[in-house]
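S.K.: Sequential numbering from 284 applies to the sequence shown in our numbering. For each residue, glycine too, the CB sits at the ideal point set by N, CA and C.
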Amino acid sequence: MKTASATFPVRYAETDQMGVVYHANYVIWCEIGRTALINDFGFSYKEMEEAGVVSPVTNINLSYKMPAKYGDDITVHSWIEAYSGARVTYGYTIENAAGDRLSEGTSEHVCCDAQSFRPIPLKKRFPAWDQAYKQHRRKK
284 MKTASATFPV
294 RYAETDQMGV
304 VYHANYVIWC
314 EIGRTALIND
324 FGFSYKEMEE
334 AGVVSPVTNI
344 NLSYKMPAKY
354 GDDITVHSWI
364 EAYSGARVTY
374 GYTIENAAGD
384 RLSEGTSEHV
394 CCDAQSFRPI
404 PLKKRFPAWD
414 QAYKQHRRKK
């Protein structure tokens, strides 16, 4: 299983009146982690979209363990939790610099034709991407 990591500081604009990171920002951080993973494989969302394929989120599930605060350095770890050819489930853990787990979860995506939004197998348009996901998905 291949894992990618992205580290960045919590920005003041990401916090709420309580001084902790607003919960919706964790979803954005998952996207940062997912993009890092895809880039580590040598692929890009931009190229996918230019080829007429999109990968919308169909489900997202995050569990919050501890709050992140302004100034914390955050690391998002991402991997392929499951892959079926057209559906991808990415896994995430979000930690602070001390290694405390702040959040964990998954997001599910379906590869679709950009015009019709009908699901399409990834191997049909991106065989190398399909092969990488099959090879590096989490083994259960």
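1) Would you decide whether GLU297 is buried or exposed? Buried here means 16 or more other CB atoms lie within 10 Å of its CB.
2) Can you pull the DSSP bridge partners for ALA287?
3) May I ask you to list the residues that DSSP assigns as paired with HIS306?
4) Skipping 5 residues on each side, what residues in its chain have a beta carbon closer than 8 angstroms to that of VAL303?
5) What are the uninterrupted segments assigned as beta strand (DSSP E) that are 3 or more residues long and contained completely in the segment 311-362, given in chain order?
6) Can you tell me whether GLY374 is buried or exposed? The criterion is at least 16 other CB atoms within 10 Å of its CB, across all chains shown.
7) Is it buried or exposed, SER361, if we count other Cβ atoms within 10 angstroms and call 16 or more buried?
8) Taking THR372 as the reference, give the member of GLU314, ALA381 and TYR347 with the closest Cα.
9) Take TYR295 and list the residues in its own chain whose beta-carbon comes closer than 6 angstroms to its own, dropping the five residues that flank it on each side.
10) Identify whether PRO292 lies in helix, strand or coil by the three-state DSSP scheme.
11) Taking one C-beta from the segment 376-383 and one from the segment 323-342 each time, how about it: are there three or more such pairs within less than 8 angstroms?
12) Check whether the Cβ atoms of LYS285 and HIS392 sit closer than 8 angstroms, and answer yes or no.
M.R.: So, from the data block:
1) buried
2) SER361
3) None; HIS306 has no bridge partner.
4) PRO350, ALA351 and LYS352
5) 340-347
6) buried
7) buried
8) GLU314
9) TYR353
10) strand
11) no
12) no
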